[in-house]
Each structure stands twice: as structure tokens, then as C-alpha cells.
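Residue 81 in this note's numbering sits at position 45 of the sequence shown; the count goes up by one each step and never skips. Taking it in order: structure first as C-alpha cells, then the write-up.
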Amino acid sequence: MRHPVCEEALLKPGEMKAVNIERTPIVVIRSKTGEIFALRNVCPHKGPALSDGSLDGTCSASEPGEYNLEKDGEILKCPWHSWEFDIRTGCSLFDPDRVRVKTYQVTSEEGTIFVHV
Numbered sequence: 037m038r039h040p041v042c043e044e045a046l047l048k049p050g051e052m053k054a055v056n057i058e059r060t061p062i063v064v065i066r067s068k069t070g071e072i073f074a075l076r077n078v079c080p081h082k083g084p085a086l087s088d089g090s091l092d093g094t095c096s097a098s099e100p101g102e103y104n105l106e107k108d109g110e111i112l113k114c115p116w117h118s119w120e121f122d123i124r125t126g127c128s129l130f131d132p133d134r135v136r137v138k139t140y141q142v143t144s145e146e147g148t149i150f151v152h153v
């Protein structure tokens, strides 16, 4: 079932909005590129709201001493212990096969963002 969350214009690139849908805490995120994602707003480690965290990137290295910023603004970092989750998949960066947060389908119609639960 789809639920209206907010007007698209009210969620700027790089911003997050915490909502509750059917008693489920959800964070709606607009990436720096304008794409919209929704994830369960609870860190699986100790339970704080992920929306109180930050949107960052991650680094990779192709050789020693070289660092490349990747997924800028697409890594959601928990405010308590800095656990990191990819906003596209909900997978953690440290153990993507076992630790993740639930993701939800998001659509936009006539300027309104909807989350499907």
C-alpha cells in the first residue's frame, strides 16, 4: 500500500525526512543526484534512528596511498557507532550479506513522494 510522505520540493538533494507509516519508522532520503530512497529508520545494531546520522561517501583504493571517494552522499551512517548502510540496497558496508536495513519502494506522482509499505 502506498502512503504520501511529502511534496518533492520539500525534500532537497542531500536531505532526509523521518516518518512513521503504519507504526513503522522510515527515513526518506533524497540523494545528491535527486534520486529518492526509503529505508527502515532503525539501526540493527543498537536501535537509534538512522535519520539522526549523516549521509556520507566511502573510500576505495586501487593502490597504496591512493584514495577515491565513492557513493558520495549515498552512505547512511548511524549516529551512535558509525555503522554504514548503502541507501540503494540497505546493505551494510562491513557485512552486506548478513547486516542490512529494510528498503521500501518509492514513487513520485504529481510532485508528491509516496512510500510503498
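Beta carbons: idealized from backbone N, C-alpha and C, even for Gly.
With DSSP collapsed to three states, give me the class of residue i.
| i | result |
| --- | --- |
| A85 | coil |
| E44 | helix |
| C79 | coil |
So, at 7 Å on beta carbons, what are the nonlocal neighbours of residue i in its own chain, with the 5 sequence-adjacent residues on each side left out?
| i | result |
| --- | --- |
| V135 | P80, S128 |
| G126 | L75, R136, V137, K138, T139 |
| G109 | G50, S67, K68, L91, G93 |
Which one or two residues does DSSP pair with residue i in a beta bridge?
| i | result |
| --- | --- |
| R66 | I72 |
| V55 | I62 |
| K113 | S90, E120 |
| E106 | T94 |
| R134 | Answer is none; R134 lacks a bridge partner. |
| V142 | V151 |
To which residues of the same chain is residue i closer than 8 Å at the C-beta, ignoring the five residues directly before and after it?
| i | result |
| --- | --- |
| S1 | Look at the range of the chain in this structure, 37 to 153, and you will see that residue 1 is not part of it. |
| L105 | G93, T94, C95 |
| P84 | V78, C114, P115, W116 |
| T60 | R76, V153 |
Apart from the five residues just before and just after residue i, which ones in its own chain have a Cβ nearer than 6 Å to its Cβ?
| i | result |
| --- | --- |
| Q141 | H152 |
| E120 | I111, K113, L129 |
| D88 | P115 |
| M147 | The residue you asked about is not Met; residue 147 is Gly in the sequence shown. Here the set comprises E43, E44. |
| K107 | G93, T94 |
- Decide yes or no for the touch test of the segment 64-71 against the segment 46-54: beta carbon pairs closer than 8 Å, at least 3 of them. yes
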